[in-house]
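Undergrad: Have a look at this one before I ask anything.
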Amino acid sequence: MQLVVGVRFKKAGKIYYFDPNQIELNLEDCVIVETARGIEYGEVVVPPKLVPNEEIVSPLKQVLRKASDEDNRQVLENKAREKEAFETGAAKIAAHGLPMKLVDVELTFDNNKLIFYFTADGRIDFRELVKDLAAVFKTRIELRQIGVRDEAKMLGGLGPCGLTLCCSTFMGDFHPVSIKMAKEQSLSLNPTKISGLCGRLMCCLKYEQDFYEEARRQMPKVGKEIVTPEGRATVLETNILKQRVKVKMITEDGTIDLKEFSAAEVQYVNGQAADDDDDDLILNDEMEALLDE
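Take 148 as the starting number for the sequence shown in my numbering and just add one per residue.
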C-alpha cells in the first residue's frame, strides 16, 4: 500500500496520484507538483489515502508544496497569456491557410511550453506554423490534434437534457458506448436522437447499461416461446422497466389473442432463460459514423 493524494489539473480532467511528501493536504487545496512535462499547478480532489501498489503508475511524483498567493497570481497571469496566445494562434492559422480549427491554448505553469489544441479532418503539415508561433512567443510550442469528444469537453455546452455536458462537468474519462446500448434500452435508433453535441453517441447511454443488462437477463427474448398461466405463447414485446411481456397466444378455435403478463408469471420452455446474444443490427452510414471514434 502507498499513501497518495489525487490531483486534477483541469475541471473534469483526469485524476493523477502523487506522493503527498509529508505535507498536510486537504480536499480543494491547490498544490504545486512535479509532472512528466514539468512543474504544474493543480487541485486536490482526493485527500491522502492508501491505495494498492498496482493502482500506481511508477514512478510516483511528489507534491512540491501548497500553492502560495504568488502561485495563484501566476495562474491568473497565465490564463491572460493563454487568451492572447489563442487570438494570435487563430490569426496565424488563417494566415497560413491551414484547414484546422483552434479549440484551446494551454500554457504550462512554469511557462515552459504553449500547447495549441486543434481539430482537423485529416493530418496537417503545421511545421511552418510552429516556427512562426515559436518566433512570436519565444517558448516551446506544441500543436496537439484532438477529437470531437475532447473538443466538446473543452468548450462545454448544454446537452439534449438541458444540463451542462457531463464530459465538461465531472467525467474524467470517456467510456465506450455503442448502438447496441441504445437498442437494449429501447431508445430511438435515429442518430440525431442519441448523439450529443460532439456528434457521437451520448455518453449517458453507459450510465444505466448495467441495470438494463441485468434486467434483460430476467426477461424472455422477443420471438421465444414461453409458458404463461394461460398456456404457451410467443413473446412479441418486452418492457424491461415494468418487467412485463406482451405475448401472442393461439386459442382453441385458432384465433390469435394478445395478452400481457408479469415476467415473474412466465416460464421458459425447457427451463432456459433468454440468451444474451443479440441479432445483428444493420447500420446505415450515418450510424456507423457515430461509432467511428
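We put the CB at the ideal spot given by N, CA and C, even for glycine.
Keep in mind it's a predicted model, so treat the numbers as computed, not measured.
Would you mind reading off the limits of the beta strand (DSSP E) that contains residue 198?
TA: 185-198
Undergrad: In the DSSP output, which residue or residues are listed as bridge partners for residue 177?
TA: 190
Undergrad: Mind checking residue 424: buried by the 16 CB within 10 Å criterion, or exposed?
TA: With a pLDDT of 45 at residue 424, under the threshold of 50, the modelled position of that residue is not reliable, and no figure is offered here.
Undergrad: Short of 6 Å in beta carbon distance, which residues of its chain neighbour residue 163, apart from the five on each side in sequence? Order them along the chain.
TA: Within its own chain, the residues whose Cβ lies closer than 6 Å to the Cβ of residue 163, once the five positions on either side in sequence are excluded, are 154, listed in chain order.
Undergrad: Taking its Cβ as the centre, do 16 or more other Cβ atoms sit within 10 Å of residue 249, making it buried, or is it exposed?
TA: With 16 or more Cβ atoms within 10 Å of its Cβ, residue 249 is classed as buried.
Undergrad: Smallest Cα separation from residue 296: which of 349, 246, 368, 307?
TA: 349
Undergrad: Is the beta carbon of residue 318 sitting closer than 7 Å to the one on residue 356?
TA: no
Undergrad: Exposed or buried, residue 347, counting other C-beta atoms within 10 Å across all chains shown (16 or more means buried)?
TA: buried
Undergrad: What beta strand (DSSP E) runs, 3 residues minimum, are completely inside the stretch 194-257?
TA: 210-213, 248-254
Undergrad: Label residue 242 either buried or exposed according to how many other C-beta atoms from any shown protein chain fall within 10 Å of its C-beta, with 16 as the threshold for buried.
TA: Under this definition residue 242 is an exposed residue.
Undergrad: Between which residues of its own chain and residue 203 is the CB-CB distance below 8 Å, once the five residues before and five after are set aside?
TA: 149, 151, 164
Undergrad: Which class does residue 311 belong to by DSSP, given the choice of helix, strand or coil?
TA: strand
Undergrad: Residue 266 and residue 224 - do their beta-carbons sit closer together than 7 Å?
TA: No.
Undergrad: Check each candidate in 399, 407, 377, 374 and name the one with the smallest Cα separation from residue 389.
TA: Looking at the Cα atoms, 407 is the closest of the given residues.
Undergrad: Go ahead and pull the three-state DSSP assignment for residue 399.
TA: coil
Undergrad: Can you tell me the Cα-Cα spacing of residue 455 and residue 175, whole angstroms?
TA: A question about residue 455 goes unanswered here, because the residues of the chain that appear run from 148 up to 440.
Undergrad: Residue 194 and residue 211 look like a contact to me (Cβ under 8 Å); what is the Cβ gap, rounded to whole Å?
TA: Contact doesn't hold; Cβ gap of about 18 Å is too wide.
Undergrad: Are there three or more Cβ pairs, one per stretch, closer than 8 Å when the stretch 284-296 is compared with the stretch 259-274?
TA: yes
Undergrad: When you compare only the Cα positions, how much space is there between residue 320 and residue 373?
TA: Whole-angstrom Cα-Cα distance: 42 Å.
Undergrad: Going by beta carbon distance, what residues of the same chain come within less than 7 Å of residue 435, once the five residues before and after it are set aside?
TA: Interpretation of residue 435 is limited by its pLDDT of 47, a score under 50 that renders its predicted location unreliable; no figure is taken from the coordinates.
Undergrad: Label residue 251 either buried or exposed according to how many other C-beta atoms from any shown protein chain fall within 10 Å of its C-beta, with 16 as the threshold for buried.
TA: buried
Undergrad: Looking at the structure shown, is residue 413 part of a helix, part of a strand, or coil, going by DSSP?
TA: coil
Undergrad: From residue 391 to residue 411, what does the alpha carbon distance come to, in whole angstroms?
TA: 8 Å
Undergrad: Counting only the same chain and skipping the five closest in sequence on each side, list residues whose C-beta sits under 8 Å from that of residue 159.
TA: 300, 314, 315, 316, 317, 318, 319
Undergrad: Under a three-way DSSP split, which group does residue 151 fall into?
TA: In the three-state reduction of the DSSP assignment, residue 151 falls in the strand class, which pools E and B.
Undergrad: Which residues in the same chain have their Cβ closer than 6 Å to the Cβ of residue 229, if we skip the five residues on either side of it in sequence?
TA: For residue 229, where only same-chain residues beyond five positions count, the Cβ hits under 6 Å are 252, 254.
Undergrad: Have a look at residue 188 and residue 246 and give me their C-alpha separation to the nearest angstrom.
TA: 33 Å
Undergrad: Are the Cβ atoms of residue 257 and residue 303 separated by less than 7 Å?
TA: no
Undergrad: Exposed or buried, residue 273, counting other C-beta atoms within 10 Å across all chains shown (16 or more means buried)?
TA: Around the beta-carbon of residue 273, 16 or more other beta-carbon atoms lie within 10 Å, marking it buried.
Undergrad: Could you pull out every residue in the same chain whose Cβ sits closer than 7 Å to the Cβ of residue 414, ignoring the five residues on either side in sequence?
TA: 373, 374
Undergrad: Please list the segments of the alpha helix (DSSP H) lying wholly inside the stretch 338-387, counting only runs of 4 or more residues, in order along the chain.
TA: 338-341, 356-364
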